[in-house]
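**Q** Handing you this structure, nothing more for now.
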Amino acid sequence: MRILYVTADLPWPLTSGYLRHYHFIRALSRRHEVTLLSLRAPEHGAEDVAALEPYTARIVTEPSSRGRRSFLIKVRDRLRILAAGGDVAAGRLGDAGARLAADRPFDVMLLSGKRTMPVLDGLPALPFVADLCDATSSRIRREMRHARLGRLPSLVLEYLEVRRVERALMHRAEHALFASARDRAALVPTGGGGAATGVATAPASVVPNGVDLAYWRRTRRGLGRDEIVLTGAMDYPANVDAAIRLVDEVLPLVQAVVPTARVSIVGRDPAPSVSALADRPGVTVTGFVDDVRPYLERAAVFAVPLRHGAGIQNKVLEALAMEVPVVASPLAAEGLRTEAGDRPPIDVAAEPARMAELIVARLRQAEAGAKADPALRRYVAAHFDWDRNADRLEAILRAAAGRADAEDGAATPAEAP
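The opening position of the sequence shown corresponds to residue -11 in our numbering, with each subsequent residue numbered one higher.
Structure, rendered in structure tokens:
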């Protein structure tokens, strides 16, 4: 197949948050020709494009109309996008895709992200699969419950924009993809097309993220001592909230029982409110690190007091692959529940006091000599394998392309004998 793959940002480096698309592009390129159209954030350079070239026939990028800007500029941009019906940069990508299709038509398109929908307006009719990945509108609604009053106008605008796009994609696509059963249920309560809410008309499938088990591997069996770790992009609002909650509400309760307990917050671009946590006793904020694995290997427990978010929490999968015990909020845990209903082998706590109790129990087990638990890694290997999930994606793309071919054939009058 000739696949047109559209993303809302370059899927490189893997710390960018777009590792899902990097792994899928790499897997699909083994048997198919992949052309990548992508919006590009200001921080991306030529080296990021070059890293994707071995897996693509061609790459076309457009500077995104959204970047790391001030709050007021983000609000202004959202108003403009609502008025224009979409991101103008994505519209230019669609025009570029149309020129490529005129030369050699594509068999199918995989459209990822809500901001990329204007690509459709510039392309000729083409069967496409929409990878919504997560139910972003649900994530925004949860964020509204905990956001500062000053952020609410921006969140309301974002919600309106995202909800409109989610409905349109579910209506127009041949097939819709979600990274977790929880996120599919948020938009498709019946688990398929034609949901009771009237949102969905496309069939909807769960194609989870995966973990590179060859990379996320321990070098020693012993757990760390007294070390609580949280990883992730620390400018992402859900992670910012989780880091602050861990330090402000959970850590004091833990230190009251285990005075030597400490927290390491590991991840790029910490927001000022996260950086300020480093002033607290027993708290380290690393910022960007070249390799997260040593921090996970030194951990006695991985803690995720997430209150809003969506999709699969890759940071939790990585901790489980490193065989680190995890204490998580119900929201973080639910994203790792499988389509068959299997639940991840982690400790779940909704309230800070209960989370502190579970963390203390894990710290004491590590102090007593507990070893890393291979069962955690086995759960990840059984349910979150990149190649197996890429095979599911490939089958969906083939079916979408095949349905279009069959419809074209049925619409063609038979030749007279």
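Where a beta carbon is used, it is the ideal one built from N, C-alpha and C, also for glycine. Just so you know, these numbers come straight off a predicted model, no measurement behind them.
1) Report all residues from its chain with a CB closer than 8 Å to the CB of Tyr283; omit the five preceding and five following residues, and keep chain order.
2) Count Cβ pairs between the region 230 to 249 and the region 285 to 300 that sit closer than 8 Å; are there 3 or more?
3) CA-CA distance, Leu385 and Val271?
4) Name the two residues that bound the continuous alpha helix (DSSP H) containing Phe12.
5) By DSSP, does Glu215 sit in helix, in strand, or in coil?
6) If you reduce the DSSP assignment to three classes, tell me which class Arg256 lands in.
7) Report buried or exposed for Ser125, applying the criterion of at least 16 other Cβ atoms within 10 angstroms of its Cβ.
8) By Cβ distance, which residues of its chain are closer than 7 Å to Pro112, with the 5 residues on each side in sequence left out?
9) Assign Pro451 to buried or exposed, taking buried as 16 or more other Cβ atoms, counted over all protein chains shown, within 10 Å of its Cβ.
10) Apply the 10 Å Cβ neighbour rule to Ala34 and answer buried if 16 or more other Cβ atoms are within range, or exposed otherwise.
11) Please report how far the alpha carbon of Asp109 lies from the alpha carbon of Gly82, in whole angstroms.
12) Ala298 and Asp171 look like a contact to me (Cβ under 8 Å); what is the Cβ gap, rounded to whole Å?
13) So if DSSP puts Leu(-8) in a beta bridge, which residue, or which two residues, is it bridged to?
14) Going by beta carbon distance, what residues of the same chain come within less than 7 Å of Ser193, once the five residues before and after it are set aside?
15) Residues in its own chain within less than 6 Å of Val245 by CB, not counting five upstream and five downstream?
16) In angstroms with no decimal places, state the Cα-to-Cα distance between Ala38 and Pro247.
17) Do Ile300 and Gly329 have their CB atoms nearer than 8 Å?
18) Please confirm whether Leu25 and Val(-6) have their CB atoms less than 8 Å apart.
19) Whole angstroms is fine: what's the gap from Phe12's alpha carbon to Val242's?
20) Is DSSP giving His371 helix, strand or coil here?
**A** Let's see:
1) Sequence-distant Cβ neighbours of Tyr283 in its own chain, meaning closer than 8 Å and more than five residues away, are Val217, Thr219, Ser252, Val254, Thr274 and Val277.
2) As far as the Cβ criterion goes, the region 230 to 249 touches the region 285 to 300, which means the pair count is three or higher.
3) Cα to Cα, Leu385 sits roughly 46 Å from Val271.
4) Segment Leu7 to Leu16, the alpha helix (DSSP H) holding Phe12.
5) Glu215: strand per DSSP, three-state reduction.
6) Of the three classes helix, strand and coil, the one that applies to Arg256 here is coil, per DSSP.
7) Buried, since its Cβ has 16 or more Cβ neighbours within 10 Å.
8) The residues are Ala86 and Ala89.
9) Residue 451 lies beyond the residue range present for the chain, which begins at -11 and ends at 405; the question has no answer from this structure.
10) Label assigned to Ala34: exposed.
11) Between Asp109 and Gly82, the C-alpha separation is close to 7 Å.
12) That belief holds up - the Cβ atoms of Ala298 and Asp171 are roughly 6 Å apart, short of 8 Å.
13) As a beta-bridge residue in DSSP terms, Leu(-8) pairs with Thr23 and Met97.
14) Excluding positions up to five away in sequence, the list reads His163, Leu165 and Ile384.
15) For Val245, the CB contacts under 6 Å within the same chain, skipping 5 residues up- and downstream, are Val348 in chain order.
16) Going by the C-alpha atoms only, they are around 48 Å apart.
17) Taking 8 Å as the Cβ cut-off, Ile300 and Gly329 do not qualify as a contacting pair.
18) In contact: Leu25 and Val(-6) (Cβ atoms closer than 8 Å).
19) Answer to the nearest angstrom: the Cα atoms are 41 Å apart.
20) In the three-state reduction of the DSSP assignment, His371 falls in the helix class, which pools H, G and I.
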